[in-house]
Structures are given as structure tokens and as C-alpha cells.
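Peer 1: In the numbering used here, the protein residues as written are 11 to 150.
#1: Between the stretch 27–34 and the stretch 56–65, can you find at least three pairs of beta-carbon atoms closer than 8 Å?
#2: Confirm, please, whether the CB-CB distance from residue 20 to residue 72 is below 8 Å.
#3: Using a threshold of 8 Å, state whether the C-beta atoms of residue 47 and residue 78 are closer than that.
#4: Could you give the DSSP three-state label for residue 143: helix, strand or coil?
#5: Output needed for residue 101: all residues of its chain with C-beta closer than 6 Å, excluding positions within five of it in sequence on either side, in chain order.
#6: Return helix, strand or coil for residue 37, following the three-state DSSP convention.
Below is the structure:
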């Protein structure tokens with residue numbers, strides 16, 4: 011069975027909580043095929059509506075740790091995915107995530123109930139980075 015497991019950053023967790031999540035995933039008998047790292051999208055009227063945003067450098071650091079802590083993922087071509095919260099990320103923040111080890115993102119206007127940057131912005135970013143979409147969620 012292929013496992014997809016990751017986390018949402020920005021829900022009041024500590025740096026140690028983030029590391030514990032990654033250690034747990036890295037120590038599974040088989041590392042997850044996909045590790046989505048989400049950025050909380052605060053929704054009005056919820057307990058998390060006014061939570062402080064995650065520092066962009068901290069978010070990129072988690073992407074880098076995810077890639078480093080799962081070394082067999084390089085061989086198995088697992089995906090460190092940028093998912094929810096990309097619409098609030100600058101192109102530069104997303105670029106840093108790719109440089110730090112992210113190799114997948116969901117492209118399009120919507121991700122379930124949250125908006126995504128949209129096809130035009132996504133393809134523009136990929137072009138600027140010299141990357142192309144493979145059509146399977148991978149970046150080339």
C-alpha cells in the first residue's frame with residue numbers, strides 16, 4: 011500500500027512538534043510515497059481564524075528537513091508536495107521550497123475547498139524556475 015501522510019503548519023505547533031511529525035514519518039517501515047506539507051488557510055469564524063502566520067523561512071526549513079530526513083525517498087521518487095496555502099505564498103517562497111526539496115504541487119484553481127494560485131500563475135512560476143509539469147503531480 012502506498013502511503014500519503016504529511017501535516018498542516020500554522021496550527022499553533024512548535025518547531026519540536028514539526029520535527030516529531032517528520033521523525034514519525036521517516037521512521038515508518040516504508041516512508042510515505044507522498045508527504046504533503048500544507049500551510050494553514052485561516053478561515054473566518056473558526057478557532058484558527060486569527061492564528062499568527064508561519065514565517066516563510068520556517069516553512070521552507072520544514073520542506074528541507076522533510077527531504078533530508080527521508081533519504082530513501084530520493085531513490086523511490088517520493089513526492090514532497092506543496093499543497094494547501096500556496097495562494098498565500100509568494101513566487102519566491104514557493105521557489106525556495108522547490109530549491110529545498112519539494113518536487114510536486116497540485117496545479118489548478120482549486121484544492122478541495124481552498125483556492126490555488128491558478129494555472130496561469132503556476133505555469134508562469136514553473137517557466138521562471140525552468141521546470142515543467144509532468145501531468146502526474148511531479149515536476150521535471
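Glycine included, each C-beta is placed from N, C-alpha and C at the ideal position. This one's a predicted model, so the numbers in the text were calculated from it and none came from an experiment.
Peer 2: Taking the structure as given:
#1: The way I'd put it, the stretch 56–65 doesn't touch the stretch 27–34; fewer than three beta-carbon pairs between them come closer than 8 Å.
#2: Walking along the chain shown from the start, residue 72 turns up at place 62. Walking along the chain shown from the start, residue 20 turns up at place 10. No, the pair does not count as a contact, with Cβ atoms beyond the cut-off.
#3: Here residue 47 refers to the residue found at position 37 when the chain shown is read from its first residue. Here residue 78 refers to the residue found at position 68 when the chain shown is read from its first residue. The answer is no: Cβ separation not under 8 Å.
#4: The sequence position of residue 143 within the chain shown is 133, counting from 1. The answer is strand: DSSP assigns residue 143 an E or B state.
#5: By one-based count along the chain shown, residue 101 stands at place 91. Excluding sequence neighbours, residue 101 sits near 135.
#6: Mapped onto the chain shown, residue 37 falls at position 27. Correct three-state label for residue 37: coil.
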